Amino acid sequence: MKKLPYILIATRFILAPVILLLAYLKGPEPRFLILALMYFGLLTDIFDGIIARKTGVSSEKLRRLDSQTDLVFWLSLGFAAYFLNPELIKNEWPGILLIFIMEALCYIVSLSKFRKETCTHAFLSKMWGLSLLIAFTYLIGFQQTGWAFYLAVGLGFISHIDVILIVLLLPKWQYDVPSSYHAWKIRNGKQRKKTVFFN
20 MKKLPYILIA
30 TRFILAPVIL
40 LLAYLKGPEP
50 RFLILALMYF
60 GLLTDIFDGI
70 IARKTGVSSE
80 KLRRLDSQTD
90 LVFWLSLGFA
100 AYFLNPELIK
110 NEWPGILLIF
120 IMEALCYIVS
130 LSKFRKETCT
140 HAFLSKMWGL
150 SLLIAFTYLI
160 GFQQTGWAFY
170 LAVGLGFISH
180 IDVILIVLLL
190 PKWQYDVPSS
200 YHAWKIRNGK
210 QRKKTVFFN
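Structure representation (structure tokens):
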């Protein structure tokens with residue numbers, strides 16, 4: 020059981036090239052298979068954290084590995100959406116560019132201050148992940164953007180601002196910080212409380 024979180028993370032990492040290959044093949048059947056893999060990947064993301072805490076193997080190494088695997092997994096879905104709907108994605112380039120810029124800023128700020136990438140697993144980031152799930156369901160499954168896409172862009176912008184604030188407020192690097200409010204409490208020397216969400 021103690022190895023299971025690593026197996027789940029590795030599974031999500033392996034799903035990324037599989038998703039890209041299916042998107043390259045195109046057609047209706049690969050689309051729905053990609054969606055099935057996306058939802059399966061989300062389940063691995065939920066349960067790797069739960070199992071890690073239950074078995075006592077949650078650590079900085081595991082959480083950093085989880086964060087970077089999440090980035091690879093969601094990027095693969097983004098590229099898959101582009102391969103399947105290039106014109107649709109091109110029409111929404113300002114929102115997509117905004118998210119890429121915000122993601123880059125998070126890394127730049129964290130690497131500049133701590134020489135480590137971000138690993139906050141913040142609450143707003145989790146909400147953004149759920150909005151991405153809905154947006155990619157519309158994009159890949161139904162070839163639509165609409166409200167789901169704009170919700171994901173809006174939440175993505177807000178969640179990245181929260182992550183940047185967390186990094187700026189923390190006196191030293193640490194993982195699993197639920198929000199910038201919690202980072203402010205840590206900065207002011209108040210005891211940190213472990214907050215468990217669904218990851």
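To convert, count from 1 in the sequence shown and add 19; that's my numbering.
Backbone N, C-alpha and C fix where the C-beta goes; we use that ideal spot for every residue, glycine too.
In this text, all values refer to a predicted model and were calculated from it rather than measured experimentally.
- Counting C-beta pairs closer than 8 Å gives fewer than three between the stretch 166 to 181 and the stretch 52 to 69, which falls short of the contact rule.
- Considering only Leu41, Gln193, Thr156, Ile159, the residue with the shortest C-alpha distance to Arg134 is Gln193.
- Looking from the CA of Ile153, the closest CA among Leu44, Trp166, Ala141 belongs to Trp166.
- For Ala99, the enclosing alpha helix (DSSP H) has its first and last residue at 79 to 103.
- Between Arg50 and Leu103, the C-beta spacing is below 8 Å.
- Contact annotation: Ser150 and Leu170 have beta-carbon atoms nearer than 8 Å.
- Below 8 Å, too few C-beta pairs join the stretch 180 to 189 and the stretch 156 to 166 to call them touching: fewer than three.
- In terms of Cβ geometry, Cys138 and Ser86 form a close pair [threshold 8 Å].
- Here Asp67 carries a helix assignment [DSSP, helix/strand/coil].
- In this chain, the alpha helix (DSSP H) harbouring Ala167 covers 165 to 188.
- Pairing Ile33 with Lys132, the inter-Cα distance amounts to about 31 Å.
- Check the Cα spacing between Tyr157 and each of Lys22, Leu54, Pro24: the tightest is with Leu54.
- In the DSSP assignment, Glu122 falls within the alpha helix (DSSP H) that extends over 112 to 133.
- The criterion of a C-beta distance shorter than 8 Å is satisfied by Leu39 and Ala99.
- Of Val91, Gly46, Gly208, the smallest CA-CA separation from Thr30 is found for Val91.
- One thing to note: Ala141 has its Cβ within 8 Å of the Cβ of Ile185.
- By the 16-neighbour rule on beta-carbons within 10 angstroms, Pro47 is exposed.
- Contact check for Leu130 against Glu136 passes: the beta carbons are separated by less than 8 Å.
- Taken through DSSP and simplified to helix, strand or coil, Ser199 comes out as helix.
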